[in-house]
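Written below as structure tokens is the structure these notes are about.
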Amino acid sequence: LNYDHICRFVGACIEPQHLCLVYEYCPKGSLKDVLEDKQIKLDWMFKFSLMQDICRGMIYLHHNLGPHGKLKSSNCMVDSRFSLKITDFDLHLLRGPPPPPKDSTTYYRSASAFKLQ
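Residue numbers in the sequence shown follow full-length UniProt numbering, run continuously in steps of one, and reach 117 at the last position.
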């Protein structure tokens with residue numbers, strides 16, 4: 001995938017004990033880091049720009065790879081120009097299926113468990 005708002009894949013280590021994926025370096029960290037950093041001024045134009053970057057990246061992903069599935073602030077990286085790039089495409093699932101849950105609540109949770117307080 002080669003797009004401005006998708007984190008660029010650089011390489012991988014495929015040794016069984018050291019499996020890892022390497023993506024481009026984004027010095028500002030994740031969107032979560034930026035939002036929590038009190039030294040970064042977050043005016044509405046800046047927030048709107050980040051939202052546009054997310055939308056552009058997600059539209060590209062949905063047209064070229066399918067649904068992302070795990071979009072959250074820690075899966076959005078910010079480069080040196082404060083351009084947002086989406087990462088974490090569930091590629092860890094290529095290693096094999098996840099282990100089964102330890103209890104049945106992982107399979108089902110009532111709607112009331114998700115109500116905002």
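A virtual CB, placed ideally from N, CA and C, is assigned to each residue, including glycine.
**Neighbour-count burial assignment, K72, 16 or more Cβ in a 10 Å radius** = As a first step, residue 72 must be located in the sequence shown, where it is residue number 72. Counting Cβ neighbours within 10 Å, K72 comes out exposed, since fewer than 16 surround it.
**Asked** So what does DSSP say about I6, is it helix, strand or coil?
**Response** In the sequence shown, the residue the question calls residue 6 occupies position 6. Judged by DSSP in its simplified three-state form, I6 adopts strand.
**Request:** Using three-state DSSP, classify C55 as helix, strand or coil.
**Result:** Residue numbering aside, residue 55 sits at position 55 when the sequence shown is read from its first letter. When DSSP states are grouped into helix, strand and coil, C55 belongs to the helix group.
**Request:** For V10, count neighbouring C-beta atoms within 10 Å of its own C-beta (all shown protein chains included) and say buried if the count is 16 or more, exposed if not.
**Result:** Here residue 10 corresponds to residue number 10 of the sequence shown, with the count starting at 1. By the neighbour-count rule (16 or more Cβ atoms within 10 Å), V10 is not buried but exposed.
**Request:** Tell me whether the beta-carbon of residue 124 lies closer than 8 Å to the beta-carbon of I86.
**Result:** The requested residue 124 does not occur in the structure, where the chain is confined to residues 1 to 117.
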